[in-house]
Amino acid sequence: HYHLHVVYVPVVEKQILWSKRCKDKALIGTVKETVMQVSRSKKWASKPLLDDAGKPVLQKNGKPVLKKSYSILQDDFFHYMRSAGYTDVERGERGSTEEHLTVTQFKVQREQERLDSLTAKIDQKEQHLTQTSKTLSKKEKELAAVQKKAIITKDALIHARDLDDIGKRTFLGNYSLTEEELSALKKQAAHGYMMEV
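For the sequence shown, this note's numbering assigns the number 1 to the initial residue and increments by one for each residue that follows.
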């Protein structure tokens, strides 16, 4: 959305003549130069304000209320642009007293919008970082659990080799264990249970 300011400045050509003080008497009264000058007399004509019936709106003293010439210029420019094919041009709000921004205010507003945009991006990145940190923390816990299981498995394998040497076979075919061997066997069973969990 763009905002276009149209300013009407009545300009006329003014001829500057050679004055009587000119040394060359043949030049006196002839055109010295032509310049463009703002005219105070050639203003945009004001038109009477019309009511819904098309009749002029009158003041208390009976004189017609005049439409501001600048408003007429804006209307005429709008209609000209529309007839020239610029259908996306819109007429500003009539009678609006809304103040326009100064260049500095406009730049400050633009910078504020840019700051807001960057702040939103930073917030989004921080949320992404927080989510990534949570995921990383979860994965680290999972890794620690896997490493713990690996250590238990390694210990179990080492102790499993020792089982071959535990106990002595009795005459009746049973095994007899020492107290230390029984303790080692219980420990091994506990490791096996931990592996299942």
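Where is the CB? At the ideal position from N, CA and C, for every residue including glycine.
**Prompt:** Which residues in the same chain as V35 place their Cβ atom closer than 7 Å to its Cβ, once the five residues preceding and following it in sequence are excluded?
**Reply:** Counting only Cβ-Cβ distances below 7 Å, and skipping sequence neighbours, we find K14, I16.
**Request:** Find the nearest neighbour of A184 within the set N174, L172, G167, G173, judged by alpha-carbon distance.
**Result:** Ranking the options by Cα distance to A184, first place goes to G167.
**Request:** Taking only runs that begin and end inside the stretch 11-84, name each unbroken beta strand (DSSP E) of 3 or more residues, in chain order.
**Result:** The DSSP assignment places 11-17, 31-38 as complete runs of the beta strand (DSSP E) inside the stretch 11-84, in order along the chain (cut-off: 3 residues).
**Asked** Does the beta-carbon distance from V38 to V11 come in below 9 Å?
**Response** In this structure, V11 lies closer than 9 Å to V38 by Cβ.
**Request:** Check R114 in the structure and name its three-state DSSP category.
**Result:** Here R114 sits in helix by DSSP.
**Euclidean distance between Cα positions of T130 and Q188** = Rounded to the nearest angstrom, the gap between the Cα atoms of T130 and Q188 is 42 Å.
**Prompt:** Which partner residues of K187 appear in the DSSP bridge assignment?
**Reply:** Note: K187 sits in no beta bridge, so no partner.
**Request:** Using the Cα positions of L58 and D52, report the straight-line distance between them to the nearest angstrom.
**Result:** In a straight line, the C-alpha of L58 is about 13 Å away from that of D52.
**Message:** Judging by CA-CA distance, which residue of L66, K23, K55 is the nearest neighbour of P48?
**Reply:** When each option's Cα is compared against that of P48, the closest is L66.
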